[in-house]
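Chemist:
2 protein chains.
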Amino acid sequence: MRTRVTEMFGIELPIFAFSHCRDVVAAVSRAGGMGVLGALYFTPEELETELAWIDANAGGRPYGVDVVMPSRYEGAELGAGSGEELQRRLEGLIPDGHRRFVNGLLAEHDVPELTRAGAGRFLLGWTDATARPQVEVALRHPIALLANALGAPPADVVRQAHRHGVAVAGLASSRRHAAKQRAVGVDVVVAQGTEAGGHTGEVSTMVLVPEVVDEVAPAPVLAAGGIGDGRQMAAGMALGAEGVWTGSVWLATEEADTPAGALAQILRAGSRDTVRSRSMTGKPARMLRNDWTEAWERADSPGTLPMPLQFMLVSEALRRVGRVAHPTLTPSPVGQIVGSLNRVRPSSQVVYEFMTGFGDALDRLNAAAEGRPTPSPPSR
Amino acid sequence: MRTRVTEMFGIELPIFAFSHCRDVVAAVSRAGGMGVLGALYFTPEELETELAWIDANAGGRPYGVDVVMPSRYEGAELGAGSGEELQRRLEGLIPDGHRRFVNGLLAEHDVPELTRAGAGRFLLGWTDATARPQVEVALRHPIALLANALGAPPADVVRQAHRHGVAVAGLASSRRHAAKQRAVGVDVVVAQGTEAGGHTGEVSTMVLVPEVVDEVAPAPVLAAGGIGDGRQMAAGMALGAEGVWTGSVWLATEEADTPAGALAQILRAGSRDTVRSRSMTGKPARMLRNDWTEAWERADSPGTLPMPLQFMLVSEALRRVGRVAHPTLTPSPVGQIVGSLNRVRPSSQVVYEFMTGFGDALDRLNAAAEGRPTPSPPSR
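Protein sequences appear in the order of chains A and B. Taking the numbering used here, I'd label the letters of the first sequence as residues 1 to 380. Taking the numbering used here, I'd label the letters of the second sequence as residues 1001 to 1380.
#1: If contacts are defined as beta-carbon pairs under 8 Å, then valine 1188 (chain B) and valine 1065 (chain B) qualify, I think. What distance do you get, rounded to the angstrom?
#2: Which residues in the same chain as aspartate 1257 (chain B) place their Cβ atom closer than 6 Å to its Cβ, once the five residues preceding and following it in sequence are excluded?
#3: Pairs of beta-carbons, one from the segment 84 to 95 of chain A and one from the segment 161 to 168 of chain A, closer than 8 Å: are there three or more?
#4: Report all residues from its chain with a CB closer than 8 Å to the CB of phenylalanine 1009 (chain B); omit the five preceding and five following residues, and keep chain order.
#5: Let's test the definition: count the other Cβ atoms within 10 Å of the Cβ of alanine 1264 (chain B) and tell me whether it reaches 16, buried, or not, exposed.
#6: Please tell me whether arginine 380 (chain A) has its Cβ less than 9 Å away from any Cβ of chain B.
#7: Per DSSP, what kind of secondary structure is valine 1203 (chain B) in: helix, strand or coil?
#8: Mind pulling the chain B residues with CB within less than 8 Å of isoleucine 337 (chain A)?
#9: Starting from the C-beta of proline 1377 (chain B), find all residues in its chain whose C-beta is less than 6 Å away, skip the five residues before and the five after it, and write them out in chain order.
#10: Any Cβ of chain B within less than 9 Å of the Cβ of glutamate 297 (chain A)?
#11: Between the segment 169 to 182 of chain A and chain B, which residues of the former have CB atoms less than 8 Å from a CB of the latter, in chain order?
#12: Does any residue of chain B bring its CB to less than 9 Å from the CB of alanine 119 (chain A)?
#13: Closest by CA to proline 218 (chain A), which one among A:Val186, A:Gly201 and A:Ala368?
#14: Roughly how many whole angstroms lie between the Cα atoms of methionine 1307 (chain B) and histidine 1098 (chain B)?
#15: Are the Cβ atoms of arginine 286 (chain A) and glycine 335 (chain A) separated by less than 9 Å?
#16: Could you check what DSSP says for serine 279 (chain A) in three-state terms: helix, strand or coil?
#17: Note down, in chain order, each residue of its chain lying with its Cβ closer than 6 Å to the Cβ of phenylalanine 358 (chain A), except the 5 sequence neighbours on either side.
#18: Could you tell me whether the Cβ of glutamate 1202 (chain B) comes closer than 9 Å to any Cβ of chain A?
#19: Under 6 Å Cβ to Cβ from proline 1333 (chain B), same chain only, skipping five residues before and after it: list those, please.
#20: Pull up the distance between the alpha-carbon of arginine 319 (chain A) and that of glutamate 297 (chain A), whole angstroms please.
#21: Identify, in the order they occur along the chain, each residue of the same chain with its Cβ nearer than 7 Å to the Cβ of glycine 1032 (chain B), setting aside the five sequence neighbours on each side.
#22: How would you write the range of the alpha helix (DSSP H) that glycine 992 (chain B) sits in, first residue to last?
#23: Alpha carbon to alpha carbon, what distance is there between leucine 267 (chain A) and threonine 1410 (chain B)?
#24: Does the Cβ of serine 173 (chain A) have 16 or more other Cβ atoms within 10 Å, making it buried, or fewer, making it exposed?
#25: Reducing DSSP to helix, strand and coil, say where asparagine 1103 (chain B) ends up.
#26: Have a look at valine 137 (chain A) and alanine 1178 (chain B) and give me their C-alpha separation to the nearest angstrom.
#27: Closer than 7 Å by beta-carbon distance: list the chain C residues that pair up with asparagine 342 (chain A), in chain order.
#28: Given this structure, state the Cα-to-Cα distance separating proline 1331 (chain B) from leucine 305 (chain A), to the nearest angstrom.
#29: Using the rule of at least 16 other Cβ atoms within 10 Å of the residue's Cβ for burial, across every protein chain shown, is alanine 52 (chain A) buried or exposed?
#30: Alpha carbon to alpha carbon, how far is arginine 1364 (chain B) from threonine 274 (chain A)?
#31: If you drop the 5 nearest sequence neighbours on each side, which residues of the same chain put their C-beta closer than 8 Å to that of glycine 1303 (chain B)?
#32: What did DSSP end up calling phenylalanine 18 (chain A) once you bin it into helix, strand or coil?
#33: Just the chain A side, please: which residues come within less than 7 Å of threonine 1194 (chain B) by C-beta, in chain order?
#34: Please report the straight-line C-alpha distance between glutamate 202 (chain A) and serine 1204 (chain B), rounded to a whole angstrom.
#35: If we call anything under 9 Å between Cβ atoms a contact, is threonine 1127 (chain B) one with proline 1044 (chain B)?
#36: Considering only DSSP beta bridges, list what alanine 169 (chain A) is partnered with.
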């Protein structure tokens, strides 16, 4: 295939695969698309290890790294300082009532305490101060793309990437956000509809992509949100996108390190089983509706805290429920396409099915336009 | 163009245009698509007048009628009886506190009282008892399609339509609803995503259409929700639909009788300015976010009533705010594509732009697949 993004990155297929798992990233890049590693959960040292592994296993194909540099977050005015110092100051902003609510919730569900204190990685890369070291590490590797998951990245980070010959992508959930991204020099805008997993806005992919395409033209746009098969890829590109940005579909692949409990929930869930909730990070993120998301809507809920305080508040709880793979209390970010995820495939098979589905969709559109009988019933 | 729905109905273009305005219906049918008149607001006598007008003005082209026969509504167990009797019994179910809230809201906004009592058309076609006479009227005209806007229509109504040689369509917002529609004999399933105006579910068009296509195959599916231009039409059909079902886009046409105040709001609004609210009918319907929708979320709101009680409760209020074209209190059902509605065009021009946009989108997809340079930047 050939679009402006395949040309830009020298890739065969305009399929971008976001994953926290290096094996998925390498597999998709090897299959002709572009894997993008979500760096959020890694320390700089761990990220170094992951990227070195990808360098050795992506067959020399291009790949990217995704960081989280929210343009607004609580405590941003506390200044850069060190990550540890910022974390201490932010922890002082978490009310005791919120801590009691979380502990009570875990007690209700008989979630055991941790036997030893965790690594204390509560802040993660949610802030400018903690994401910059990740950027430094990423730019020491032959990455092709640096993506920012929340809002426009700082302009100096964009310039830094460009000096390394690395293109920058930004996720946008509104026309206004897209314009901001372009203003700071973002090269590729990912227009992400509300149906997407994780942080997401309110406007659907069908409506958002054409709006963003019109806003940022001639800059290339990727369609994101609700893209899990070749029909949806063709739809996203019909809307004006030069390719697709995907995430949820890779959770149910053989290479993914999705915890068994979460995978079982994902394979079982329908498209109506997700909800946009602030309960994990403080900003609305789409995840499976379960006891965790419902608890934060209860009458006795203290309400969620702003980013990054909410994640700091619930970080230990997430490790506790994760350790026992709690079936109803583990937050599980995923998009509405979860309803069509009902088998585990190799990542290369997912890429292959994207392409056959795209081809079938295009055949049907051409037949309709040319007045030929429909060539075949539509299929996944 | 040729798809299974153009063959089924003998139309040139698989564009279905829902409108409460007969002029739009006739204009779209004349332009090669199929206009579908929303019957809800008409008495049987008025509907007779509207359809006679369409018969005389659609150039002999096929058109359809859309009724509302919800599968569940409050008071359904009161039995059929006459519409007037049912209305009296239902009115007894509306709490006084709700009436006081509505009256207070209108007083806050200085909305004048009606100078004389209205026609008392509070119940409209929201129920089996009141929609059936509309069906009787519709089937006396040469309609090609009877559509049901909420859930699966009663099986005997489907049989009645089929005896008249009339195809039946049903709107579905989930895979399960689509299966129910097929079980009662619906011929065409309209898969309507959450971004649509009016009554709508939670799953986006991008996710819902492929699910419904897979569920009801080989029955034809129309894509609805977020479809306002040719790019979105191509996207909907890439997802597996045989055509598109559209609504909001016709509100901003020269033929539409959209009240001036509502039209001004529509032309000004962005795609993030809508909300799903129960405040008009008791079931979630997407409309512009304004003082009306916000009031029902306030701390002093008594909450909304189930269908059809909510509409009966607010019916007079709607006439009062409508009469003065209240700029912030008039409910205005519209989908997220409202953000791209910023000029008033003739309906035939809208149809024409659907087709040129579809052609451009298809050219881009073919170029991408064949490895040719992109022929032109995507455009509306």
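Note that CB positions come from ideal geometry on N, CA and C, so glycine has one too.
Modeler: In short:
#1: That belief does not hold up - the Cβ atoms of valine 1188 (chain B) and valine 1065 (chain B) are roughly 14 Å apart, past 8 Å.
#2: Cys1021
#3: no
#4: Listed in chain order, the non-local C-beta contacts of phenylalanine 1009 (chain B) below 8 Å within the same chain comprise Met1034, Pro1062, Ala1144, Leu1145 and Ala1167, local neighbours out to five positions each way being set aside.
#5: exposed
#6: A caution first: arginine 380 (chain A) carries a pLDDT of 44, below 50, which makes its placement in the model unreliable, though a value can still be read off. Judged by the 9 Å Cβ criterion, arginine 380 (chain A) is in contact with chain B.
#7: coil
#8: Val1207
#9: Note on proline 1377 (chain B): pLDDT 48, under 50, position unreliable in the model; the coordinate value appears next. Within the same chain, no residue comes within 6 Å of proline 1377 (chain B) by CB-CB distance, once the 5 residues on both sides are set aside.
#10: Interface annotation, glutamate 297 (chain A): not in contact with chain B, CB-CB separation never under 9 Å.
#11: Ser174 and Arg175
#12: No answer about alanine 119 (chain A) holds up, because its pLDDT of 48 lies below 50 and its placement is not dependable.
#13: A:Val186
#14: 14 Å
#15: The Cβ-Cβ distance between arginine 286 (chain A) and glycine 335 (chain A) falls below 9 Å.
#16: In the structure shown, serine 279 (chain A) adopts coil according to DSSP, grouped into three states.
#17: Gly230, Met233 and Ala234
#18: yes
#19: Gly1197, Gly1198, Ala1285 and Met1287
#20: Distance between the alpha carbons of arginine 319 (chain A) and glutamate 297 (chain A): 21 Å.
#21: Ile1011, Glu1012, Leu1013 and Val1351
#22: Because chain B spans 1001 through 1380 in this model, residue 992 (chain B) falls outside it and cannot be assessed.
#23: Only positions 1001 to 1380 of chain B appear in the structure, and residue 1410 (chain B) is not among them; the question remains open.
#24: buried
#25: helix
#26: 50 Å
#27: Here the protein chains are A and B, and chain C is not one of them.
#28: Straight-line Cα distance between these residues: approximately 33 Å.
#29: exposed
#30: 33 Å
#31: Within the same chain, glycine 1303 (chain B) has close Cβ partners Trp1296.
#32: Strand, per DSSP.
#33: Residues of chain A with a Cβ closer than 7 Å to the Cβ of threonine 1194 (chain B) are, in chain order, Ser204.
#34: 11 Å
#35: no
#36: A:Ala147 and A:Val188
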